[in-house]
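Enquirer: Every letter in the sequence shown is one number past the one before it in UniProt numbering, and letter 94, counting from 1, is 94.
What follows is a single structure, and I will ask about it in a moment.
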Amino acid sequence: MKDLFSDDSKQYQRARPDYSPAIVETILKYVNRRELAWDCGAGSGQFTQRLAPHFQQILATDLSAAQLAEAPHLANVHYEAAQAAECPLPSQSVDLVTVAQAIHWFDFDSFYTEVKRVLKANGVIAVIGYGLIQAEQTELNELLQQLYFETLKGYWDAERRYIDESYQTIPFPFHEYTTPTLSLDYAWPAQQILNYLQTWSGLKHYQKLHPEQQPLAALLDFFQQQNKQQYQLHFPVLLRIGSVSQQ
């Protein structure tokens, strides 16, 4: 598993989208018991804190100790730095495994072997993510698309394609449930958008190789010419839910 986000853990925690209650509600429809959950690839705890009110105990793991240090302190949550395929929990002890915006970095085979080891009979796995940011304002959306598909073409890690393919091409060796179409909807000021873009791994790779260039120049010019306080944005939700045996 790659660690691309430790260096900017505080910015990642502040700038990344939050997860909606609708995502959690959709997942919990399939979870019969709520004693223990494992949130793998938890980062700074964005999804962990959404799960916390619904479980007696949660283990949140991540490769990055720096990311976990930014996570909120919750009484029923234990954070631990660990590889995705090295869960410290006993076999058949977990009711729900979640992975939010991280599974595309995992070694699928070793992770799924660990998932099947720790899940109880009829335990549930939920893979969550969000796709490319979309703006309602046409000109802004075109600039975001240009940045993603043109300026940063060739600078994304190969694993990013799984997000572009809506997680539909990742292996998923479980009994799978049908999920609704969901999106994360926001009204963000210009600085929030720019802060979010700075967390993109593709942008980090570009800036490392071309420190003299400004890949966000067109967006900076656009925002300077606007007189808008906020911009309406949407992130398509990627969601796959399954169980180790059919319920």
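The beta-carbon is built from N, C-alpha and C at its ideal position, and this holds for glycine as well.
Fair warning: this is a prediction, and the values are worked out from it, not measured in the lab.
#1: Ser93 bridges to which residues according to DSSP?
#2: Taking the DSSP output, what are the residues bridged to Leu239?
#3: If Leu239 sits next to Thr26, beta carbons under 8 Å apart, how far is it from one beta carbon to the other, in whole angstroms?
#4: What do you reckon, are the CB atoms on Ala126 and Val99 nearer than 9 Å?
#5: What is the DSSP secondary structure of Gln230, reduced to helix, strand or coil?
#6: Can you give me the C-alpha to C-alpha distance between Thr151 and Pro215, rounded to a whole angstrom?
#7: Quick check on this structure: which residue in Leu74, Leu68, Asp62 has the alpha carbon closest to the alpha carbon of Phe55?
#8: Where Pro72 and Gln49 are concerned, what is the direct C-alpha to C-alpha distance, given to the nearest angstrom?
#9: Excluding sequence positions up to five away, which residues of its chain have a Cβ less than 7 Å from the Cβ of Val237?
#10: Please determine whether the Cβ atom of Asn227 lies at a distance below 8 Å from any heavy atom of the ligand ATP.
#11: Note down the Cα distance separating Val244 from Gly45, rounded to an integer number of angstroms.
#12: Just to check my reading of the structure: His205 and Tyr162 have Cβ atoms closer than 8 Å, yes? What is that Cβ distance to the nearest angstrom?
#13: According to DSSP, is Ala217 part of a helix, a strand, or is it coil?
#14: With a threshold of 9 Å between beta carbons, is Leu143 in contact with chain B?
#15: Using the Cβ count rule (16 or more neighbours within 10 Å means buried), how would you classify Ser64?
#16: Taking the straight line between their C-alpha atoms, what separation do you get for Leu147 and Tyr167?
#17: To the nearest angstrom, how far is the alpha carbon of Phe174 from that of Gly242?
#18: Relative to the C-alpha of Ala84, which candidate in Ser91, Gln67, Ala102 has its C-alpha closest?
#19: What are the start and end residues of the beta strand (DSSP E) that includes Gln183?
#20: Use the C-beta contact count for Ser9: other C-beta atoms within 10 angstroms, 16 or more gives buried, fewer gives exposed.
#21: How many whole angstroms separate the CB atoms of Lys120 and Val94, which I take to be in contact at a CB cut-off of 8 Å?
#22: Reducing DSSP to helix, strand and coil, say where Val99 ends up.
#23: DSSP three-state label for His210, please.
#24: Report the option in Leu132, Asn227, Thr178 whose CA atom is closest to the CA atom of Arg16.
#25: Return the chain-ordered list of same chain residues with a C-beta closer than 7 Å to the C-beta of Glu80, the five sequence neighbours on each side being excluded.
#26: Under the rule that 16 or more other beta-carbon atoms within 10 Å means buried, what is Gln247, buried or exposed?
Expert: So, from the listed chains and residues:
#1: Answer is none; Ser93 lacks a bridge partner.
#2: DSSP lists Ile128 as the bridge partner or partners of Leu239.
#3: Rounded, the Cβ-Cβ distance is 7 Å, consistent with contact.
#4: Pairing Ala126 with Val99 gives a Cβ-Cβ distance under 9 Å.
#5: Residue state for Gln230 is assigned as coil, using DSSP reduced to three classes.
#6: Here the alpha carbons of Pro215 and Thr151 stand approximately 7 Å from one another.
#7: Here the closest residue by C-alpha is Leu74.
#8: The straight-line gap from Cα to Cα measures roughly 7 Å.
#9: Apart from the 5 residues on each side of it in sequence, Val237 sits with its Cβ closer than 7 Å to the Cβ of Ile23, Tyr130, Leu182, Ser183, Leu184 in its chain, given in chain order.
#10: Annotation note on the ligand ATP: not contained in the displayed structure, which lists no ligands.
#11: As the crow flies, the alpha-carbon of Val244 is around 25 Å from that of Gly45.
#12: About 17 Å separates the two Cβ atoms, so there is no contact after all.
#13: Ala217 falls in the helix class under three-state DSSP.
#14: Judged by its chain identifiers, the structure shown contains no chain B, having just a single protein chain.
#15: Under this definition Ser64 is a buried residue.
#16: Rounded to whole angstroms, Leu147 and Tyr167 show a C-alpha spacing of 22 Å.
#17: The C-alpha of Gly242 is placed about 5 Å away from the C-alpha of Phe174.
#18: Closest option to Ala84, judged by alpha-carbon separation, among Ser91, Gln67, Ala102: Ala102.
#19: Before going on, a small fix: residue 183 reads as Ser here, not Gln. 183-188 is the extent of the beta strand (DSSP E) around Ser183.
#20: For Ser9, the pLDDT reaches just 47, beneath the cut-off of 50, and the residue's location in the model is therefore unreliable, leaving the point undetermined.
#21: Lys120 to Val94, Cβ: 6 Å. Contact.
#22: The answer is strand: DSSP assigns Val99 an E or B state.
#23: The answer is coil: DSSP assigns His210 none of H, G, I, E or B.
#24: Of the candidates Leu132, Asn227, Thr178, the residue whose Cα lies closest to the Cα of Arg16 is Leu132.
#25: Excluding positions up to five away in sequence, the list reads Leu59, Thr61, Pro88.
#26: Bear in mind that a pLDDT of 42 at Gln247, under 50, signals an unreliable position, so the model cannot answer this.
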